[in-house]
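Peer 1: To start, I am sharing the structure in question, which I have written as structure tokens.
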Amino acid sequence: MRNKKYLAIFGAVFSLLGCTDERIIDLPLKDLSGTIVIEGNVTDKNGPYQVKITRSDKATTMLNPKPVTNAVVVITDNHGQSDVLKYDEGVYKTTTLTTHYGDVYTLSVTADGNVYKAVSKMPEYVEFTDLKQKDIPNEYYIEKKVIPIFTDPDVKGNYYLFKSIGYSGIKEITLFSDYSGNGQVNNRMLNSSGYSKNSKVKVEMQCIDEAVYNYFKALSQADPNNSGGTIIPVNPPSNISNGALGYFSAHTTTEKEIIIQ
């Protein structure tokens, strides 16, 4: 498992991100200050769904990015749905869009005369069965870890993103793919520095497509030299056209909790 701290290019900063396969994505780093950053999510739960649009800027703190408020944002699907999103409290929100597993969604953003597009297919649902605690003794203490229980489908090409929040309130990210463990019950642990006894850990499981997996995997490989809490733009392989940073993800989502014993 690859555990690495990184600085995200968008406002929602995750402290750690881990991967479970060792494929390397070529990630040439360069300064992309001023580039539009789009974060769009469509899930299998009821909407509204949100798209956040900002501009990357070295002078902008990660917790207070510069919003783009005058964009035209539209999400369509392969069944003819079309929803023009409305700007509200820092994000663009859908009003009518409904979703279903296996459907294909297209995001279109028009901002400052430029058009940015992305396509994401929502994977089939994989049941998030349970969370299991695993204690790992070492020389000094017992490290308490968590394993998400789910059965990977037999068909190859499944990708998963887990968000876990422990007692510290810090969100940690783990990426799984079926390059290992295809068609099997998962026994891989979530990426974490360990949890304390009696703490509650909340975990969200997302079934994501390959493009979104590659995006977050590339972020895990980027380690910009930054010491001032500012955004240093990097260029992971976004699924958004026309040079935009960020991602558009149509994914399933399920949440579970566990109390560490």
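Just so we're aligned, residue 151 is where the sequence shown starts under my numbering, counting upward by one.
Ideal Cβ positions, reconstructed from N, Cα and C, are used throughout, including at glycine.
#1: Which parts of the stretch 269-298 are runs of the beta strand (DSSP E), unbroken and 3 residues or longer, counting only runs that do not cross its ends?
#2: With Leu325 and Lys367 assumed to form a contact (beta carbons below 8 angstroms), what rounded beta-carbon distance in angstroms separates them?
#3: Could you compute how far the alpha carbon of Gln356 sits from the alpha carbon of Val276?
#4: What separation, rounded to the nearest whole angstrom, lies between the Cα atoms of Asp194 and Ile408?
#5: Pull up the DSSP beta-bridge partners for Met355, would you.
#6: Where does the unbroken beta strand (DSSP E) through Glu189 begin, and where does it stop?
#7: How many Å lie between Glu405 and Val192 at the Cα?
#8: Between which two residues does the beta strand (DSSP E) holding Ala261 run?
#9: Output needed for Ala261: all residues of its chain with C-beta closer than 8 angstroms, excluding positions within five of it in sequence on either side, in chain order.
#10: Taking Phe366 as part of the alpha helix (DSSP H), name the residues at either end of that continuous run.
#11: Measuring only the C-alpha atoms, how far is Phe398 from Ser270?
#12: Mapping the DSSP letters down to three states, classify Thr244 as helix, strand or coil.
#13: Using CA atoms only, rank isn't needed, just tell me which of Asp280, Phe278, Ala268 is closest to Ser138.
#14: Are the CB atoms of Asp253 and Thr97 within a distance shorter than 8 angstroms?
#15: Of all the options Ile323, Ser330, Gly333, Gly331, which has the alpha carbon lying nearest to the alpha carbon of Ser343?
#16: Comparing alpha-carbon positions, which option in Leu311, Asp304, Phe312, Glu354 lies nearest Val102?
#17: When you compare each of Met272, Ile292, Tyr291 to Asn308 by their alpha carbons, which one comes out closest?
#18: Return the chain-ordered list of same chain residues with a C-beta closer than 6 angstroms to the C-beta of Gly316, the five sequence neighbours on each side being excluded.
#19: Pull up the CB-CB distance for Asn412 and Asp302, whole angstroms please, since I reckon it's below 8 angstroms.
#20: Give the DSSP-derived three-state secondary structure of Ser349 in the structure shown.
#21: Go ahead and pull the three-state DSSP assignment for Gln231.
Peer 2: So, from the listed chains and residues:
#1: 280-287
#2: Your numbering for residue 325 matches position 175 in the sequence shown. Your numbering for residue 367 matches position 217 in the sequence shown. Indeed, because the Cβ distance is near 6 angstroms, the residues count as touching under 8 angstroms.
#3: If you number the sequence shown from 1, residue 356 lands on position 206. If you number the sequence shown from 1, residue 276 lands on position 126. Using only the alpha carbons, I get a separation of about 9 angstroms.
#4: Within the sequence shown, the letter at position 44 stands for residue 194. Within the sequence shown, the letter at position 258 stands for residue 408. Computed Cα separation, rounded: 23 angstroms.
#5: Stepping through the sequence shown from its first residue, residue 355 is reached at position 205. The partner list for Met355 (beta bridge, DSSP) reads Phe312, Thr404.
#6: Counting from 1 along the sequence shown, the entry for residue 189 is found at position 39. Taken as a continuous stretch (DSSP letters only), the beta strand (DSSP E) holding Glu189 covers 186-193.
#7: As a position in the sequence shown, residue 405 is number 255, starting the count at 1. As a position in the sequence shown, residue 192 is number 42, starting the count at 1. Distance between the alpha carbons of Glu405 and Val192 is about 16 angstroms.
#8: Numbered from 1 along the sequence shown, position 111 holds the residue referred to as residue 261. Its beta strand (DSSP E) spans residues 254-261.
#9: Position 111 of the sequence shown, counted from the first residue, corresponds to residue 261. Counting only Cβ-Cβ distances below 8 angstroms, and skipping sequence neighbours, we find Ile186, Ile203, Val218, Asn220, Ala221, Val222.
#10: As a working mapping, residue 366 is identified with position 216 in the sequence shown. Its alpha helix (DSSP H) spans residues 360-371.
#11: To locate residue 398, count along the sequence shown from 1; it is residue 248. To locate residue 270, count along the sequence shown from 1; it is residue 120. C-alpha separation (whole angstroms): 7 angstroms.
#12: Counting from 1 along the sequence shown, the entry for residue 244 is found at position 94. Here Thr244 sits in coil by DSSP.
#13: Absent from the structure is residue 138, since the part of the chain shown begins at 151 and ends at 411.
#14: Past the boundaries of the shown model lies residue 97; the chain is included only from 151 to 411, so the question cannot be answered.
#15: Looking up residue 343 in the sequence shown gives position 193. Of the listed residues, the one whose Cα sits closest to Ser343 is Ile323.
#16: Summary: the structure shown does not reach residue 102, with the chain confined to residues 151 through 411, and so no result is reported for it.
#17: Against the sequence shown, residue 308 aligns to sequence position 158. Per the Cα distances, Met272.
#18: The residue you call residue 316 lines up with position 166 of the sequence shown. The answer, listed in chain order, is Tyr345, Ser349, Val351.
#19: Here the chain comprises residues numbered 151 to 411, so residue 412 is not present and cannot be evaluated.
#20: For the purposes of this step, residue 349 is identified with residue 199 of the sequence shown, where counting begins at 1. DSSP places Ser349 in coil when its eight states are reduced to three.
#21: Along the sequence shown, one-based indexing puts residue 231 at 81. Of the three classes helix, strand and coil, the one that applies to Gln231 here is coil, per DSSP.
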